[in-house]
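Working notes, structure below.
Number of protein chains: 2
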Amino acid sequence: MSNPLIRKLEAAEALTVEDRAVLNALCTASRQVEAKRDIIAQGDTPSDVHLVLDGIACRYKILANGARQIVAVLLPGDFCDLHIALLGEMDHTIGALTPCRIVDIPAATIRDLSHRPRIARALWWATLVDEGTLREWLINNGRREAPQRMAHFFCEMLLRLQAVSLADDKSYDMPFRQYDLADLFALTSVHVNRTLRQLREADLIVLERRQLTIPDVARLMAFCDFDPAYLHLGSQQAPTVG
Amino acid sequence: MSNPLIRKLEAAEALTVEDRAVLNALCTASRQVEAKRDIIAQGDTPSDVHLVLDGIACRYKILANGARQIVAVLLPGDFCDLHIALLGEMDHTIGALTPCRIVDIPAATIRDLSHRPRIARALWWATLVDEGTLREWLINNGRREAPQRMAHFFCEMLLRLQAVSLADDKSYDMPFRQYDLADLFALTSVHVNRTLRQLREADLIVLERRQLTIPDVARLMAFCDFDPAYLHLGSQQAPTVG
DNA sequence: CGCGTCCTTGAGCTTGGTCAAGGTCTGTGG
DNA sequence: CCACAGACCTTGACCAAGCTCAAGGACGCG
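In the order they appear, the protein sequences are chains Z and H.
First residue of the first sequence: 1, per this note's numbering; consecutive thereafter.
First residue of the second sequence: 243, per this note's numbering; consecutive thereafter.
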């Protein structure tokens with residue numbers, strides 16, 4: 001099986017054989033986390049960085065008023081909390097949405113990695129892509145109404161899941177319950193439910209038994225003004241670094 | 243004059259004399275941008291990365307429906323668009339809020355910088371801090387109501403402006419018009435106006451002639467559940483003591 | 001087959017939006 | 001020193017997207 005981390009980083013930077021060996025070595029010991037369990041909780045002062053090898057997780061924060069906001073969805077090959085290595089804080093929680101296989105990597109190991117120039121640049125690249133995604137989410141949640149907002153996210157997930165072979169042409173298994181969607185979009189689950197119905201009635205999506213199908217992907221993308229450039233998923237590529 | 247970029251990066255990583263010389267050399271040629279002018283526009287395919295030496299700018303995107311969302315506020319020492327160096331895209335606009343002094347740095351120069359390990363780590367660190375700020379904004383805009391949302395941002399700006407000596411104990415010049423605030427918070431300017439009045443009436447802020455004063459900083463922070471950890475501003479970090 | 005988890009729907013409400021009209025402040029030219 | 005214009009702020013009246021509360025319904029699993 002190919003290592004999803006290597007697959008992802010090589011989209012940014014051609015790694016050496018040795019780089020790949022180092023990265024593979026990181027992933028030898030993994031642990032299993034059940035769906036809906038936390039991988040690491042806010043308030044912890046962890047010494048490890050967490051990498052998703054398999055499964056789908058999310059990063060979220062619970063506020064004093066009890067509200068939850070999901071701020072990232074993590075797929076195989078994604079680091080949950082790279083910032084711990086350099087910033088040493090954990091002010092969010094990482095929760096498993098589906099059963100996950102997780103690698104715990106000591107923060108010091110990540111800092112060592114940053115001495116390998118290609119890996120360092122690839123990790124920085126990954127951080128920049130994450131930042132771009134966060135910007136799109138801020139825009140999406142801020143300035144699109146519920147139907148377009150949800151549509152936009154469904155498009156993003158289609159492409160990201162395709163990149164890790166978890167989606168086919170036009171459909172994928174939904175790892176989100178409606179209350180997860182609510183906390184992604186800063187809506188309530190009641191409103192998510194009604195909005196999903198609208199999207200279904202407009203034939204923009206089909207959603208049954210946790211399987212999402214997009215009958216006409218181009219039409220859904222047009223509906224929500226989706227431009228995939230921010231995901232940097234490969235077909236269109238960044239300038240290669242000498 | 244001390245270089246605000248060096249001041250910022252040294253918060254992350256001790257740089258060598260040579261590192262500092264290289265960074266200083268970057269900043270020799272700067273240009274002036276008037277308030278409300280764009281520094282670089284979305285759709286451009288730029289070869290330069292932009293650094294704010296002086297003044298206050300913001301990153302925003304205008305959607306097809308005409309709505310604007312501001313996704314970052316940039317202070318002296320902040321890079322506007324570091325991602326261009328590695329991702330080669332410009333899907334947002336950078337606009338000057340006040341008169342700004344800007345340095346244009348070729349993307350290739352940034353990539354060269356990434357061969358200096360301390361600078362590379364410091365830049366990565368800066369990217370991670372920006373990402374953390376974006377997460378807080380997503381949470382703030384998503385799950386706090388208008389008064390707390392605005393209060394939270396005013397607290398953030400107080401600390402960030404203090405870090406670059408643009409704010410004193412409890413007040414600073416507001417670089418934002420009310421419609422800028424609207425596009426920061428995903429509200430309308432009418433609602434921003436009413437919410438500002440509420441905050442004023444609760445004696446949480448004083449805002450006159452574009453000068454914001456926070457009579458009781460700890461009280462405002464408590465009001466909006468503000469925790470400054472995500473800003474990673476170094477030592478001075480307790481709500482009560484300065 | 002019964003229970004827990006999640007989904008669905010209705011009725012009424014609230015936060016924040018829309019539209020529109022004035023008001024204030026500042027800079028400029030007469 | 002005044003008149004005017006442009007940019008921004010303020011306010012009112014009304015509207016709607018999305019929220020709250022509450023009750024059922026579907027479905028998978030022990």
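Backbone N, C-alpha and C fix where the C-beta goes; we use that ideal spot for every residue, glycine too.
As the structure is a computational prediction, the values presented were derived from the model and not from experiment.
| Query | Result |
| --- | --- |
| Coarse secondary structure for Z/Asp249, derived from DSSP in three states | Nothing about residue 249 of chain Z can be reported from this structure: the residues present for chain Z run from 1 to 242 only. |
| C-beta contact flag for H/Arg488 and H/Arg377 at 9 Å | Residue 488 of chain H lies beyond the stretch modelled for chain H, which goes from 243 to 484, so this question has no answer here. |
| Among H/Tyr302, H/Ser356 and H/Val459, the one whose alpha carbon lies nearest that of H/Ala338 | H/Tyr302 |
| Nearest to Z/Phe79 (by Cα), restricted to the options Z/Asp130, Z/Phe153, Z/Gln42 and Z/Thr98 | Z/Asp130 |
| Contact residues within the segment 353-382 of chain H, judged by C-beta distance below 8 Å to chain Z | Arg353, Ser356, His357, Pro359, Ala362, Arg363, Leu365, Trp366, Trp367, Thr369, Leu370, Val371, Asp372, Glu373, Gly374, Leu376, Arg377, Trp379, Leu380 and Ile381 |
| Residue from H/Ala393, H/Gly319 and H/Ile336 with nearest C-alpha to H/Ala464 | H/Ala393 |
| Local conformation of Z/Asp130 per DSSP, three classes | helix |
| Environment of Z/Val195 [buried if 16+ CB atoms lie within 10 Å] | Before going on, a small fix: residue 195 of chain Z reads as Thr here, not Val. Label assigned to Z/Thr195: buried. |
| Contact residues within the segment 458-480 of chain H, judged by C-beta distance below 9 Å to chain Z | Asp467, Asp469, Ala471, Tyr472 and His474 |
| C-alpha gap between Z/Pro147 and Z/Leu199, whole angstroms | 7 Å |
| Integer-rounded CB distance, given that Z/Glu13 should sit under 8 Å from H/Ala471 | Actually they are not in contact, since the Cβ atoms of H/Ala471 and Z/Glu13 sit about 31 Å apart, beyond 8 Å. |
| Segments assigned alpha helix (DSSP H), at least 4 residues, entirely inside the segment 53-99 of chain Z | 83-87 |
| Contact residues within the segment 430-456 of chain H, judged by C-beta distance below 8 Å to chain Z | none |
| Chain Z within 9 Å of H/Gln311, Cβ atoms only | yes |
| Helix, strand or coil at H/Val483 [DSSP, three-state] | At H/Val483 the pLDDT is 30, less than 50, meaning the model places this residue with poor confidence and gives no usable figure here. |
| Assigned secondary structure, Z/Glu208 (DSSP; H/G/I helix, E/B strand, else coil) | strand |
| Residue environment, Z/His92, which counts as buried when at least 16 other CB atoms sit within 10 Å | buried |
| Under 9 Å between C-beta atoms of Z/Arg144 and Z/Asp225 | yes |
| Which residues DSSP lists as bridging Z/Ser30, in chain order | Z/Val103 |
| DSSP beta-bridge partners of Z/Ile40 | Z/Ile94 |
| Chain H within 9 Å of Z/Glu156, Cβ atoms only | no |
| Three CB pairs or more closer than 8 Å across the segment 166-176 of chain Z and the segment 258-273 of chain H | no |
| Straight-line Cα distance separating Z/Ile70 from H/Val313 | 17 Å |
| Proximity to Z/Leu55 [Cα-Cα], best of Z/Ile6, Z/Asp173, Z/Thr213 and Z/Val217 | Reading off the sequence shown, one finds Gly at residue 55 of chain Z, where the question assumed Leu. The shortest Cα separation from Z/Gly55 among Z/Ile6, Z/Asp173, Z/Thr213 and Z/Val217 belongs to Z/Asp173. |
| Sub-9 Å separation of Z/Gly77 and Z/Leu15 beta-carbons | no |
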